[in-house]
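Written out below as structure tokens is the structure these notes cover.
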Amino acid sequence: MTSVVAFVAAGLTGVFAPTFANADPHMVEYPLPTPMSAPVDIKAGGDGGIWFSETPANRLGRIDPVTKEIREYAWPQPCGPYPVTGGPQGKIWFAALSCNSIGSLDPATGHVDLFPVPSPLAFLADIKPAPDGGLWFTESVPSKIARFDPVTHGFQEFNVDLLSVPQDIAVVGSGVYYAEPVGNRIGRIDVFTHQITNYQISSTFSNVVDLDPGADGHSVWFTEAGLSRVGYLDTDTGVVVDIPLPFPLTGVTTIAAGPDGAMYFPEFYPNRIGRIDPVTHAITYSPIPTPLSLPIDIGCTKAPTANPMHTDPCLKDGSLWFAESLGNKIAEYKPS
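Residues -23 to -1, 1 to 313 in mature numbering (1 follows the signal peptide of the UniProt record, and there is no 0) are what the sequence shown lists, from first letter to last.
Here's what the structure looks like:
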């Protein structure tokens, strides 16, 4: 029987004055109310809000893409929420690192449930909803891909190659794709047949960590943190394409589709947001106004839906949002 730990999260609300970028008027930053909250992961929720994790502060946050109101949700047990996603039942789902659990937050009530994962010390690196109705997640330490049933609260775990250290997830069609930085490849598990397929990345020591579906619905884009590259896997043909970035050692980690169909990626060290055209592979950059902001994850505004999926398109007139871990801000970027 799965044990459940329940809390009611305390909500803190505020609207904070933005900072406008001198170099790019399309970029606006919103300070967070909790000092040193270090936002990390950021995703659109089914309610249309932009949700983010504040791992060291033990909070989840939400910014309204229209009013810019920020609300934080805290609960007493220190669990270190890390990856966050919209998902079934209108809830926000997350992985609680130090509690080794899958968590859910009801935005209407602030109620939080925690569901302990069977494998101890699993280090849950990412979580996404899939078309089979489950929430799929990676267990980096035991090298497993797992599924959580939001109705029965049951778990299924699937072993992948030992020491592959699976990280980020992208869901395209019936496939859950996962990054294997140690294996230097991208894995795929079919949510219905559970068949596993691997796609090798040609570059050695690429340290592939983050995945996101392309706007075309037929590709999975990825970042190579070890080589300062991005690339994509054609999900129809299985072909993997590597694209070197113009500069080395940029600290690129995450990538996401934008409202214009291009792919966007934060770079730690130059403190900027990169854009790559998925057809021409032309790359442009926009600086971030706060110095040393440590931009982490990035995502876009999406329409409200009762059943959010990873491949839901960005709103064409919407924005990109990214987390500034050292800047302690959420930033909004409207590509021109």
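Ideal Cβ positions, reconstructed from N, Cα and C, are used throughout, including at glycine.
From a predicted model like this one, the values you see are computed outputs, not experimental measurements.
Below 6 Å CB to CB, which residues in the same chain sit around Pro33 once its five sequence neighbours on both sides are set aside?
Along the sequence shown, one-based indexing puts residue 33 at 56. Answer for Pro33: Ala15, listed in chain order.
Beta-carbon contacts of Pro65 that lie in its chain and below 6 Å, excluding the five residues immediately before and after:
Locating residue 65 in the sequence shown gives position 88, counting from the first residue. For Pro65, where only same-chain residues beyond five positions count, the Cβ hits under 6 Å are Pro127.
From which residue to which residue does the beta strand (DSSP E) around Pro190 run?
Along the sequence shown, one-based indexing puts residue 190 at 213. DSSP places Pro190 inside the beta strand (DSSP E), whose first and last residues are Val185 to Pro190.
Of the residues Phe245, Arg252 and Thr227, which one's Cα is nearest the Cα of Asp237?
The count along the sequence shown starts at 1 and reaches residue 237 at position 260. Out of Phe245, Arg252 and Thr227, Arg252 has the C-alpha closest to the C-alpha of Asp237.
Quick one: what's got a C-beta closer than 7 Å to Lys68's C-beta in the same chain, skipping five residues either side?
As a working note, residue 68 is residue 91 in the sequence shown. Taking Lys68 as the centre and dropping the five residues before and after it, the same chain places the C-beta of Ser81, Leu82 and Asp83 closer than 7 Å to its C-beta, in chain order.
Helix, strand or coil: which one does DSSP assign to Gly67?
Translated into the one-based positions of the sequence shown, residue 67 becomes position 90. DSSP places Gly67 in helix when its eight states are reduced to three.
Three or more C-beta pairs below 8 Å linking the stretch 195 to 204 and the stretch 269 to 278:
Fewer than three pairs of CB atoms, one per stretch, sit closer than 8 Å, so the stretch 195 to 204 makes no contact with the stretch 269 to 278.
Any contact of the stretch 130 to 140 with the stretch 176 to 187, i.e. 3+ C-beta pairs under 8 Å?
These segments do not touch.
Looking only at its own chain, which residues have a Cβ that is under 7 Å from the Cβ of His171, when we skip the five neighbours before and after it?
Here residue 171 corresponds to residue number 194 of the sequence shown, with the count starting at 1. These residues qualify, in order along the chain: Phe135.
From Phe125, Leu91 and Ala73, pick the residue whose C-alpha is nearest to that of Phe100; which is it?
Counting from 1 along the sequence shown, the entry for residue 100 is found at position 123. Checked all of Phe125, Leu91 and Ala73; the closest Cα to Phe100 is Ala73.
CB-CB length for Ala288 against Val168, believed under 8 Å:
Sequence index remark: in the sequence shown, residue 288 carries index 311 (1-based). Sequence index remark: in the sequence shown, residue 168 carries index 191 (1-based). Note that residue 288 is Thr in the sequence shown, not Ala. Rounded, the Cβ-Cβ distance is 13 Å, inconsistent with contact.
Using 8 Å for Cβ pairs, my map puts His88 next to Tyr310. What's the rounded Cβ distance?
For the purposes of this step, residue 88 is identified with residue 111 of the sequence shown, where counting begins at 1. For the purposes of this step, residue 310 is identified with residue 333 of the sequence shown, where counting begins at 1. Contact doesn't hold; Cβ gap of about 32 Å is too wide.
Assigned exposure category for Ser75 - 16 Cβ within 10 Å defines buried
Taking the sequence shown and counting its residues from 1, one reaches residue 75 at position 98. Here Ser75 is exposed, its C-beta having fewer than 16 other C-beta atoms within 10 Å.
Check Tyr209 in the structure and name its three-state DSSP category.
The count along the sequence shown starts at 1 and reaches residue 209 at position 232. If DSSP states are grouped into helix, strand and coil, Tyr209 belongs with the strands.
Between Ala(-3) and Phe299, what straight-line distance do the alpha-carbon atoms span, to the nearest angstrom?
If you number the sequence shown from 1, residue -3 lands on position 21. If you number the sequence shown from 1, residue 299 lands on position 322. Because the pLDDT at Ala(-3) is just 40, under 50, the model does not fix this residue reliably, and the value given afterwards should be weighed accordingly. If you draw a straight line from the Cα of Ala(-3) to the Cα of Phe299, it comes to about 14 Å.
Give the secondary structure of Val142 by DSSP, where H, G and I count as helix, E and B as strand, and everything else as coil.
Along the sequence shown, one-based indexing puts residue 142 at 165. Coil.
What does the Cβ neighbour count give for Val216, buried or exposed, with the cut at 16 atoms within 10 Å?
Taking the sequence shown and counting its residues from 1, one reaches residue 216 at position 239. So Val216 ends up on the exposed side.
Within this structure, are the beta carbons of Pro97 and Thr115 separated by less than 7 Å?
By 1-based counting over the sequence shown, the position of residue 97 is 120. By 1-based counting over the sequence shown, the position of residue 115 is 138. Taking 7 Å as the Cβ cut-off, Pro97 and Thr115 do not qualify as a contacting pair.
Expressed to the nearest angstrom, what Euclidean distance is found between the alpha-carbon atoms of Phe92 and Ala233?
For this step, residue 92 is matched to residue 115 along the sequence shown. For this step, residue 233 is matched to residue 256 along the sequence shown. Answer to the nearest angstrom: the Cα atoms are 28 Å apart.
Report the CB separation of Asp189 from Arg206 in whole angstroms; it is logged as a contact under 8 Å.
Taking the first residue of the sequence shown as position 1, residue 189 is located at position 212. Taking the first residue of the sequence shown as position 1, residue 206 is located at position 229. Not confirmed; about 15 Å, so no contact.
Straight-line CA distance for Asp254 to Ser302?
Stepping through the sequence shown from its first residue, residue 254 is reached at position 277. Stepping through the sequence shown from its first residue, residue 302 is reached at position 325. Rounded to whole angstroms, the separation of the alpha carbons of Ser302 and Asp254 is 26 Å.
What is the rounded straight-line gap between the Cα of Leu210 and the Cα of Ser120?
Walking along the sequence shown from the start, residue 210 turns up at place 233. Walking along the sequence shown from the start, residue 120 turns up at place 143. In a straight line, the C-alpha of Leu210 is about 22 Å away from that of Ser120.
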